[in-house]
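Participant:
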Amino acid sequence: MDDAIATRHATARHAALRFLTAGSVDDGKSTLIGRLLYDSRALLADQVDALRRHGRGGGALDLSLLTDGLEAEREQGITIDVAYRYFATPRRKFIIADAPGHEQYTRNMVTAAAGSHAAVVLVDVTKLDLSRRPVELLPQTRRHALLAHRLGVPHLVFAVNKIDAVSDAGAAYAAVRAALETFAQRAGLSPVGIVPVSALRGDNVISPAPVGGYDGPTLLALLESLPVPIPAAEAPWRLPVQWVARSGDGTGHQPRVYWGRLATGTVRVGDAVTVFPSGETARVTDIRHHAGAAIAVGEAGQSIGLVLDRALDISRGDWLGAPSALQGQRRFHATAAWLDTDPTAIGRRYWLRHGHRWVQGRIAAIEHRLDIDTLEPVDAAQLGVNDLGRVVVEVAEPLPLSPFGDSVQTGALIVVDPATHRTSGALLVD
Numbered sequence: 335m336d337d338a339i340a341t342r343h344a345t346a347r348h349a350a351l352r353f354l355t356a357g358s359v360d361d362g363k364s365t366l367i368g369r370l371l372y373d374s375r376a377l378l379a380d381q382v383d384a385l386r387r388h389g390r391g392g393g394a395l396d397l398s399l400l401t402d403g404l405e406a407e408r409e410q411g412i413t414i415d416v417a418y419r420y421f422a423t424p425r426r427k428f429i430i431a432d433a434p435g436h437e438q439y440t441r442n443m444v445t446a447a448a449g450s451h452a453a454v455v456l457v458d459v460t461k462l463d464l465s466r467r468p469v470e471l472l473p474q475t476r477r478h479a480l481l482a483h484r485l486g487v488p489h490l491v492f493a494v495n496k497i498d499a500v501s502d503a504g505a506a507y508a509a510v511r512a513a514l515e516t517f518a519q520r521a522g523l524s525p526v527g528i529v530p531v532s533a534l535r536g537d538n539v540i541s542p543a544p545v546g547g548y549d550g551p552t553l554l555a556l557l558e559s560l561p562v563p564i565p566a567a568e569a570p571w572r573l574p575v576q577w578v579a580r581s582g583d584g585t586g587h588q589p590r591v592y593w594g595r596l597a598t599g600t601v602r603v604g605d606a607v608t609v610f611p612s613g614e615t616a617r618v619t620d621i622r623h624h625a626g627a628a629i630a631v632g633e634a635g636q637s638i639g640l641v642l643d644r645a646l647d648i649s650r651g652d653w654l655g656a657p658s659a660l661q662g663q664r665r666f667h668a669t670a671a672w673l674d675t676d677p678t679a680i681g682r683r684y685w686l687r688h689g690h691r692w693v694q695g696r697i698a699a700i701e702h703r704l705d706i707d708t709l710e711p712v713d714a715a716q717l718g719v720n721d722l723g724r725v726v727v728e729v730a731e732p733l734p735l736s737p738f739g740d741s742v743q744t745g746a747l748i749v750v751d752p753a754t755h756r757t758s759g760a761l762l763v764d
């Protein structure tokens, strides 16, 4: 058992790391990603030539062009949509999401946060009044850090950017670091690092550079060291059914295979199965790997297919799980991240998606809204765009929920406006 645990932890430290960059407008998120790609030699020669042709002059590279692919992004010099890029070092692989900084595109940042293992929140030191003590952080810096935390991103890193553009880099870093530490303590955040960087020059991104008072790892070295969270193997297993298929075995028999990504726990051949919402029971007779090969055990996070010993009416949106693992709830408390320009309407019906299942539901009550300036809960009759709050939700059909902290798949829902079909918000079950 100890060997198995050690193996899982070793895998977690070398698995591909998905991280997002976030922060306020023009903090240098796209440039930072471009610097990581360029310095890690993840670019082709023609990409580098294109950067030189469209650079700022004097042969300088406009690294932000690597992620700002939309025409509107290039015209306005801003990031609008989430851009994903991939690169690798000898230590691990990375998947980067470049999230917009504009407040009106906060919903895209929430999309980028879904499934990320880390968030790098940039702080542009040139936008802050360094003559004030304590230094006041920008609202979007606080909002993105809070959103990443509330959306369950395990690791938070602050990158104090453009440190080369201030006269006294050491004093500026110390003041901004103190402000970030105070904010993190009040907000209940635990950042794994506060790194002074220059995305434009590359200081402390991949190569270390002297900044007064900082002797920690570079940003890349820090990201290389972060473990990917390991789903709890001892939790009861739960599988949201995404796809039902038939699989022939060469004898004419075509059993149904119920495919999905195992949300929690470990499932083995011979395990008892309960179907939600029907309550039917069966046993697992076969487990398929996503490539089609038979395996004896499926672990949380794996995409697998299950074959049962009985022919049951199971379809997309149903759940399979261990006995007593799937308890339906019709009323629950949740943290809401509201993304729609139309505020919450208490009592109005919305479509909610949980796993692969759609149900009707409504916001029954708003307990409070989080004031991102004071970090205190305040009374609120509604939640507006980009607000965070705690709500009571009622659904038309029971859902097999669990706290978001235990499982992203079983503890998260999205809210869709039935009239506009816009994604109105995200719910994280308390």
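If you're matching positions, the sequence shown starts at 335 in our numbering and goes up one per residue. In this text, a Cβ means the ideal position worked out from N, Cα and C, and glycines have one as well. The model shown is predicted, which means the values in this text are computed figures rather than measured ones.
With a Cβ-Cβ cutoff of 8 Å, do I621 and V609 count as a contact?
Facilitator: Within the sequence shown, residue 621 is the residue found at index 287, counting from 1. Within the sequence shown, residue 609 is the residue found at index 275, counting from 1. The answer is no: Cβ separation not under 8 Å.
Participant: So, for A656: in the same chain, excluding its five sequence neighbours on each side, which residues have a beta-carbon less than 6 Å away from its beta-carbon?
Facilitator: Locating residue 656 in the sequence shown gives position 322, where the first residue counts as 1. Only P570 and W571 meet the Cβ criterion.
Participant: Per DSSP, which residues does A579 bridge with? Please list them.
Facilitator: Counted from its first residue, the sequence shown places residue 579 at position 245. The partner list for A579 (beta bridge, DSSP) reads V591.
Participant: Please classify G527: is it buried, with 16 or more other beta-carbons within 10 angstroms of its beta-carbon, or exposed?
Facilitator: Translated into the one-based positions of the sequence shown, residue 527 becomes position 193. Classification of G527: buried, given that the 10 Å Cβ count is 16 or more.
Participant: Can you give the Cα-Cα distance for V487 and T516, rounded to whole angstroms?
Facilitator: As a working mapping, residue 487 is identified with position 153 in the sequence shown. As a working mapping, residue 516 is identified with position 182 in the sequence shown. Going by the C-alpha atoms only, they are around 20 Å apart.
Participant: Return helix, strand or coil for L481, following the three-state DSSP convention.
Facilitator: As a first step, residue 481 is located in the sequence shown; it is residue number 147 there, counting from the start. It is helical.
Participant: Quick check on G368: buried or exposed, where buried means 16 or more other Cβ atoms within 10 Å of its Cβ?
Facilitator: For the purposes of this step, residue 368 is taken as residue 34 along the sequence shown, with counting starting at 1. Buried, since its Cβ has 16 or more Cβ neighbours within 10 Å.
Participant: Of the choices S758, A746 and D764, whose alpha-carbon is the least far from that of A448?
Facilitator: Here residue 448 corresponds to residue number 114 of the sequence shown, with the count starting at 1. Out of S758, A746 and D764, A746 has the C-alpha closest to the C-alpha of A448.
Participant: Beta carbon of Y420, beta carbon of A431: below 8 Å?
Facilitator: Counting from 1 along the sequence shown, the entry for residue 420 is found at position 86. Counting from 1 along the sequence shown, the entry for residue 431 is found at position 97. No, the Cβ-Cβ distance between Y420 and A431 is not below 8 Å.
Participant: Taking the alpha helix (DSSP H) that R369 belongs to, which residues open and close that run?
Facilitator: On the sequence shown, residue 369 is found 35 positions in, with the first residue counted as 1. Counting along the chain, the alpha helix (DSSP H) containing R369 begins and ends at K363 to D373.
Participant: Q663 CB to nearest chain C CB: under 8 Å?
Facilitator: The chain inventory of the structure shown lacks chain C, comprising one protein chain alone.
Participant: Contact between the region 703-720 and the region 634-645: three or more CB pairs below 8 Å?
Facilitator: Cβ pair count under 8 Å is below three, so no.
Participant: Secondary structure at E728, three-state DSSP: helix, strand or coil?
Facilitator: Here residue 728 corresponds to residue number 394 of the sequence shown, with the count starting at 1. Here E728 sits in strand by DSSP.
Participant: Can you give me the C-alpha to C-alpha distance between T693 and L485, rounded to a whole angstrom?
Facilitator: In the sequence shown, the residue the question calls residue 693 occupies position 359. In the sequence shown, the residue the question calls residue 485 occupies position 151. According to the sequence as given, residue 693 is Val; it is not Thr. The alpha-carbon atoms of V693 and L485 are separated by roughly 22 Å.
Participant: Can you round the beta-carbon distance between D373 and I540 to whole angstroms, since I take them to be within the 8 Å contact cut?
Facilitator: Taking the first residue of the sequence shown as 1, we reach residue 373 at position 39. Taking the first residue of the sequence shown as 1, we reach residue 540 at position 206. The Cβ separation is near 4 Å, so the contact holds.
Participant: Going by Cα to Cα distance, which pick from D502, Y507, V750 and S501 is closest to V494?
Facilitator: Here residue 494 corresponds to residue number 160 of the sequence shown, with the count starting at 1. That would be Y507, whose Cα lies nearest to the Cα of V494.
Participant: By the three-class DSSP mapping on this structure, what secondary structure does A628 have?
Facilitator: One-based indexing of the sequence shown puts residue 628 at position 294. The answer is strand: DSSP assigns A628 an E or B state.
Participant: Closest to S364 by CA distance: which of S532, A679, R756 and V742 is it?
Facilitator: Locating residue 364 in the sequence shown gives position 30, where the first residue counts as 1. Selected option, being the one with the closest Cα: S532.
Participant: Assign P424 to one of two classes, buried (16 or more other C-beta atoms within 10 Å of its C-beta) or exposed (fewer than that).
Facilitator: Within the sequence shown, the letter at position 90 stands for residue 424. So P424 ends up on the exposed side.
Participant: Under a Cβ-count criterion, where at least 16 other Cβ atoms within 10 Å of its own Cβ denotes burial, should W672 be classed as buried or exposed?
Facilitator: Locating residue 672 in the sequence shown gives position 338, where the first residue counts as 1. Buried: at least 16 other Cβ atoms inside 10 Å.
Participant: When the Cα of I700 is compared with those of L686, A513 and A670, which residue comes out closest?
Facilitator: Sequence index remark: in the sequence shown, residue 700 carries index 366 (1-based). For the residues L686, A513 and A670, the minimum Cα distance to I700 belongs to A670.
Participant: Less than 8 Å separating the beta-carbons of A350 and A433?
Facilitator: If you number the sequence shown from 1, residue 350 lands on position 16. If you number the sequence shown from 1, residue 433 lands on position 99. Not closer than 8 Å, so no.
Participant: DSSP beta-bridge partners for N495?
Facilitator: Within the sequence shown, numbered from 1, the residue matching residue 495 stands at position 161. Paired residue(s): D458.
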